[in-house]
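Chains as they are written, first to last, in UniProt numbering: chain A, 1 to 500; chain B, 1 to 500.
No residue lacks a Cβ here, since even glycine has one placed at the ideal position from N, Cα and C.
Remember, predicted model here, so these are calculated numbers, not experimental data.
The next block holds one structure in the form of structure tokens; read it before the comments.
There are 2 protein chains.
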Amino acid sequence: MLRAHLARRRPPIHLLAVRATRTRHLQNEGQLTSLRTLPIARSSHPKPAIYLRSGWLGGTLFAAALAFVTIAPVLAATDDIKATNFLLDNGMEVVVIPDHRAPIVTHMVWYKIGSADEPPGKSGIAHFFEHLMFKATAKHAAGELTRAVAEIGGSHNAFTSYDYTAFYERVAPSALEQMMSFEADRMRNLTLTDDVVNTERDVILEERRLRIDNDPEAVLNEEVVTTLWQSQPYRIPVIGWMHEIEKLNRTDAVAFYDNYYRPNNAVLVVAGDVEPETVKSLAEKTYGKVPRGPDLPPRTRPVEPEQNTRRTVTLTDARVSVPNFLTQWVVPSYHTAKPGEAEALDLLAEILGGGSRSRLYQQLVVKQGIAAEAGAFFQGNMLDATNFTVYGAPRGDAKLADIEAAVDAEIARIARNGVTSDELEKTKERFIRSVIFAHDEQNSVANMYGSTLATGGNVKDVEEWPDRIRNVTADQVKAVAARYLVSDHSTTGYLLPKEN
Amino acid sequence: MLRAHLARRRPPIHLLAVRATRTRHLQNEGQLTSLRTLPIARSSHPKPAIYLRSGWLGGTLFAAALAFVTIAPVLAATDDIKATNFLLDNGMEVVVIPDHRAPIVTHMVWYKIGSADEPPGKSGIAHFFEHLMFKATAKHAAGELTRAVAEIGGSHNAFTSYDYTAFYERVAPSALEQMMSFEADRMRNLTLTDDVVNTERDVILEERRLRIDNDPEAVLNEEVVTTLWQSQPYRIPVIGWMHEIEKLNRTDAVAFYDNYYRPNNAVLVVAGDVEPETVKSLAEKTYGKVPRGPDLPPRTRPVEPEQNTRRTVTLTDARVSVPNFLTQWVVPSYHTAKPGEAEALDLLAEILGGGSRSRLYQQLVVKQGIAAEAGAFFQGNMLDATNFTVYGAPRGDAKLADIEAAVDAEIARIARNGVTSDELEKTKERFIRSVIFAHDEQNSVANMYGSTLATGGNVKDVEEWPDRIRNVTADQVKAVAARYLVSDHSTTGYLLPKEN
Numbered sequence: 001m002l003r004a005h006l007a008r009r010r011p012p013i014h015l016l017a018v019r020a021t022r023t024r025h026l027q028n029e030g031q032l033t034s035l036r037t038l039p040i041a042r043s044s045h046p047k048p049a050i051y052l053r054s055g056w057l058g059g060t061l062f063a064a065a066l067a068f069v070t071i072a073p074v075l076a077a078t079d080d081i082k083a084t085n086f087l088l089d090n091g092m093e094v095v096v097i098p099d100h101r102a103p104i105v106t107h108m109v110w111y112k113i114g115s116a117d118e119p120p121g122k123s124g125i126a127h128f129f130e131h132l133m134f135k136a137t138a139k140h141a142a143g144e145l146t147r148a149v150a151e152i153g154g155s156h157n158a159f160t161s162y163d164y165t166a167f168y169e170r171v172a173p174s175a176l177e178q179m180m181s182f183e184a185d186r187m188r189n190l191t192l193t194d195d196v197v198n199t200e201r202d203v204i205l206e207e208r209r210l211r212i213d214n215d216p217e218a219v220l221n222e223e224v225v226t227t228l229w230q231s232q233p234y235r236i237p238v239i240g241w242m243h244e245i246e247k248l249n250r251t252d253a254v255a256f257y258d259n260y261y262r263p264n265n266a267v268l269v270v271a272g273d274v275e276p277e278t279v280k281s282l283a284e285k286t287y288g289k290v291p292r293g294p295d296l297p298p299r300t301r302p303v304e305p306e307q308n309t310r311r312t313v314t315l316t317d318a319r320v321s322v323p324n325f326l327t328q329w330v331v332p333s334y335h336t337a338k339p340g341e342a343e344a345l346d347l348l349a350e351i352l353g354g355g356s357r358s359r360l361y362q363q364l365v366v367k368q369g370i371a372a373e374a375g376a377f378f379q380g381n382m383l384d385a386t387n388f389t390v391y392g393a394p395r396g397d398a399k400l401a402d403i404e405a406a407v408d409a410e411i412a413r414i415a416r417n418g419v420t421s422d423e424l425e426k427t428k429e430r431f432i433r434s435v436i437f438a439h440d441e442q443n444s445v446a447n448m449y450g451s452t453l454a455t456g457g458n459v460k461d462v463e464e465w466p467d468r469i470r471n472v473t474a475d476q477v478k479a480v481a482a483r484y485l486v487s488d489h490s491t492t493g494y495l496l497p498k499e500n
Numbered sequence: 001m002l003r004a005h006l007a008r009r010r011p012p013i014h015l016l017a018v019r020a021t022r023t024r025h026l027q028n029e030g031q032l033t034s035l036r037t038l039p040i041a042r043s044s045h046p047k048p049a050i051y052l053r054s055g056w057l058g059g060t061l062f063a064a065a066l067a068f069v070t071i072a073p074v075l076a077a078t079d080d081i082k083a084t085n086f087l088l089d090n091g092m093e094v095v096v097i098p099d100h101r102a103p104i105v106t107h108m109v110w111y112k113i114g115s116a117d118e119p120p121g122k123s124g125i126a127h128f129f130e131h132l133m134f135k136a137t138a139k140h141a142a143g144e145l146t147r148a149v150a151e152i153g154g155s156h157n158a159f160t161s162y163d164y165t166a167f168y169e170r171v172a173p174s175a176l177e178q179m180m181s182f183e184a185d186r187m188r189n190l191t192l193t194d195d196v197v198n199t200e201r202d203v204i205l206e207e208r209r210l211r212i213d214n215d216p217e218a219v220l221n222e223e224v225v226t227t228l229w230q231s232q233p234y235r236i237p238v239i240g241w242m243h244e245i246e247k248l249n250r251t252d253a254v255a256f257y258d259n260y261y262r263p264n265n266a267v268l269v270v271a272g273d274v275e276p277e278t279v280k281s282l283a284e285k286t287y288g289k290v291p292r293g294p295d296l297p298p299r300t301r302p303v304e305p306e307q308n309t310r311r312t313v314t315l316t317d318a319r320v321s322v323p324n325f326l327t328q329w330v331v332p333s334y335h336t337a338k339p340g341e342a343e344a345l346d347l348l349a350e351i352l353g354g355g356s357r358s359r360l361y362q363q364l365v366v367k368q369g370i371a372a373e374a375g376a377f378f379q380g381n382m383l384d385a386t387n388f389t390v391y392g393a394p395r396g397d398a399k400l401a402d403i404e405a406a407v408d409a410e411i412a413r414i415a416r417n418g419v420t421s422d423e424l425e426k427t428k429e430r431f432i433r434s435v436i437f438a439h440d441e442q443n444s445v446a447n448m449y450g451s452t453l454a455t456g457g458n459v460k461d462v463e464e465w466p467d468r469i470r471n472v473t474a475d476q477v478k479a480v481a482a483r484y485l486v487s488d489h490s491t492t493g494y495l496l497p498k499e500n
């Protein structure tokens, strides 16, 4: 229903909290918006304004935001937060992170199913379920969950990304059992009639029209991603292609639901004012009643062939006023990288372009004053190989080509000369601290665990992450820059104003 | 076996015959070779040197050559050639084109299975069968067919393309039954052991290394095609990606063979010194004994979303001496086009860049003398949307950018001003005549029917083609140029020498 749909469009609180800290020019430049469909958020970090811009895009793109929550050092960094994890008999994984500072719990269910798992020709079906899950079940009318959450002053949301689809509620601890009961119910009992499916499909088509097709930056971004990836399914937009969404029907929906919406394909994450024993007993009472589904095959997807060329994608549009560019490379993710490489890529992104202390920002925005923006990010928490991105936009009389050349020069400098030991140590501390600050938001903590567990990682990966970051050497940072950020194997998107 | 493999690498006679008519510079420029993996041949046309270059690439790329044999006006154009077609009881389609000028028959079996039908992650499996089909069956040792053909002074070959895989023998009519018996046998009785599959996989890996990975033009071409197509499976190389070929195994092979190598998924084409009744009786005796397989689902593949951007793909390599470019657009094929559009695209390709009388050749190569080559082609005979390509290379002091700009200007001129009535009529006659000349080669005639029937067409489409070409108006040619050859929705590949 519309109400549920609107509710899901609210940006999460931890992203909203960051909004105030961003300067205006960073919030307004076009490039950031073009990153919408990428999974690119990191909490408590100067970058999240990117994701704030995504906020209005609703579930899917808020979705996108969460995918990049970096593996967090929850246990290692604090003594008062402890994660406990266990399996229910039906195969559902559970992670509990008690946090008694406020009488709130964040309750999330992560399904290990995202757009990259969709059958060929059925793009958009994963995101479709982000919507369909708010429809009626045998037990609850559509809108009941939303009403229940609203009545107790809670919030709820859902999001879809390449590797997962997740649903959450943030409520008082007393409502946890009720939320579990709602989630356990809709895991298997949706009433998927032709009418329900076809009506919601129209909503999604309109969503796509508004958020992608009417927005040159979103269109460009889709085609950059499609061009970067030659084979791996991250090339296909999370929201789906219009002509494929149009054809999704009840049969597709039922097949997808039956395959993937199963306790043995889900991770329950509960963070907040509750004890593991309580969660366990409530989970057994609710989710525990859902029968285990058939074993799913390993999530083995087509992998990326060698990159051998430099590619560009250009969109020229009358609605563009300030041009911008972004360049992407295929790099390993935390799940696919050799030990230390993903951590080195994370630090490279930080040093090169991770906010106002970064080289790109200091050099191009602050010192030379030629860029309205310039930055870099690495999307580490992905099941398969992922991307490393740099971006920039000119300011004043500067030309886009100048900014691009200056960004390239900074990359080349690191690839050639490496980073200083002082710079590296300061960045490590800043980076780890920025992630630790995320603890102040239950959502973020839950997201860290959920996104890690949904992309092939485990609780230990989350816990050991700060130490792995601390162990990265300057040579490793230089090595990943030299090895992966090769201009001849990059894909660059240009958003250009129309010249008349 | 090696011998069979080598035999299949021979370029077909009708392509060899054209070799002598080509000037040296056209045979040598790099651009042509970069078109190798595209299905781009048209018999009796100045362009085929492109495909001669492909000849040494063996089955697959000879394969590619045949895909572009344009629908031919066999019946309409001559009185002494008449095609007859019928179905065997097991669903195998048969086309017979009697031609008694010489005591030779061309016997072809076309399977309606090509690289675009491969399961995700299994690229190369269709081409793999082009090889495996020369291995032992329960009845015949590997190499027996090759020996039998050689003993009677015949020739044989096989090729794979996006939409089909085909096998043929050119022999004396007295050997037709024997050939049918060999083909009917290997349709179902291959002995697919681990040893056979793994050994041939190594041959194919070496083939890919030699013919793609060691050749910058072939590498560029692969990534141009991958970049042009966002979704449609023509984006995946016919030969397959190295990392996916490496993993193909006996299980994949058996599944593929059992699915697709069935009489009800095959078209038999026999051209030459034989009567339809004879073919029918021999076909019933041989192929007719092969049981019908399960019905195959419709060949519905992911289709292409809107093209919204201009893309480039650049490969810079020390082995390149003369730079070149090619630009491609997504356009409808004969199978997907509205009435008249594919015919108009064929004529547009002819007028713009179809050989030495074309505008591009006359303007850039002859008059201005700035281009070593410049041309255009349209790949009409494809099951799904296809591509329209222009290409060029500089000569002397001319720069690549000059050639590209000049080619763009010629396109813009047609899109703006159209073509003259005189130019159109002359081109129609030349074009139809060039295809009619193909009758002199049985292979070509058989290819026309086979490729048309394997890409959703029928015998009537072949027969009516010349009249449909004659009916194209100048306005239609202008309209397809203006509608499809839009610079902002094109993909251009650049092959550049390495600057030191």
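query: Contact under 7 Å by Cβ, residue 326/A with residue 257/A; result: no
query: Distance, residue 398/A Cα to residue 211/B Cα; result: 45 Å
query: is_contact[residue 490/A, chain B] using C-beta, thresh 7 Å; result: no
query: Pairwise C-alpha distance: residue 251/B and residue 192/B; result: 9 Å
query: 9 Å Cβ cut-off: residues of chain A touching residue 242/B; result: 305 and 306
query: CB contact flag (residue 138/B, residue 160/B, <7 Å); result: no
query: Among 90/A, 112/A and 494/A, nearest to residue 221/A - alpha-carbon criterion; result: 494/A
query: Identity of the residues DSSP links to residue 324/B by a beta bridge; result: 495/B
query: Interface partners of residue 327/A on chain B, CB under 8 Å; result: Neighbours of residue 327/A on chain B: none; closest Cβ ~13 Å, over 8 Å.
query: Inter-residue Cα distance where the pair is residue 492/A and residue 177/A; result: 48 Å
query: Residue 165/B and residue 111/B closer than 7 Å at C-beta; result: yes
query: Other residues of its chain near residue 415/A: CB distance less than 6 Å, five sequence neighbours each side excluded; result: 481 and 482
query: Neighbourhood of residue 104/B by C-beta distance below 7 Å, restricted to the same chain and skipping five residues each side; result: 170, 172, 272, 273 and 442
query: Exposure of residue 421/A, with buried meaning 16 or more beta-carbon neighbours within 10 Å; result: exposed
query: Assumed close pair residue 320/B, residue 216/B - CB separation to whole angstroms, cut-off 8 Å; result: 6 Å
query: Alpha-carbon to alpha-carbon, residue 86/A and residue 384/B; result: 50 Å
query: Nearest-angstrom Cα separation, counted from residue 295/A out to residue 181/A; result: 24 Å
query: Complete runs of the beta strand (DSSP E) confined to the UniProt domain "Peptidase M16 N-terminal" (94-239) of chain A [at least 3 residues]; result: 105-111, 155-160 and 165-171
query: Rounded distance between the beta-carbons of residue 375/A and residue 353/A, thought under 8 Å; result: 4 Å
query: DSSP beta-bridge partners of residue 373/A; result: 393/A
query: Where residue 214/B falls, given that 16 or more other Cβ within 10 Å makes a residue buried; result: exposed
query: Limits of the alpha helix (DSSP H) - the one that residue 407/A falls within; result: 400-417
query: Those residues which DSSP pairs with residue 330/A across a bridge; result: 387/A
query: Of the listed residues 287/A, 430/A, 405/A and 151/A, nearest to residue 360/A (C-alpha basis); result: 405/A
query: Interface residues of chain B facing residue 466/A [CB-CB closer than 8 Å]; result: Those within 8 Å of residue 466/A in chain B number zero; the least Cβ separation is about 34 Å.
query: Cβ-based burial, residue 335/B [other Cβ within 10 Å; buried from 16]; result: buried
query: Inter-residue spacing [alpha-carbon to alpha-carbon] between residue 484/B and residue 490/A; result: 28 Å
query: Residue 447/A CB to nearest heavy atom of the ligand COA below 6 Å; result: With respect to the ligand COA, the structure shown offers nothing to examine, as it has no ligands at all.
query: Chain B residues whose Cβ lies nearer than 7 Å to that of residue 302/A; result: 120 and 121
query: Residues, ordered as in the chain, of the region 228-241 of chain B that lie near chain A by beta-carbon distance below 7 Å; result: 230, 231 and 241
query: Residue nearest to residue 318/A in terms of C-alpha spacing, selected from 100/A, 89/A, 95/A and 496/A; result: 496/A
query: Straight-line Cα distance separating residue 230/B from residue 488/B; result: 15 Å
query: Cutoff 7 Å: residue 315/B Cβ touching any chain A Cβ; result: yes
query: Assigned secondary structure, residue 501/A (DSSP; H/G/I helix, E/B strand, else coil); result: Nothing about residue 501/A can be reported from this structure: the residues present for chain A run from 1 to 500 only.
query: Presumed contact (8 Å Cβ cut-off) between residue 380/B and residue 444/B, rounded CB distance; result: So it is not a contact: roughly 15 Å between Cβ atoms.
query: Burial state of residue 435/B, where buried means 16 or more other Cβ atoms lie within 10 Å; result: buried
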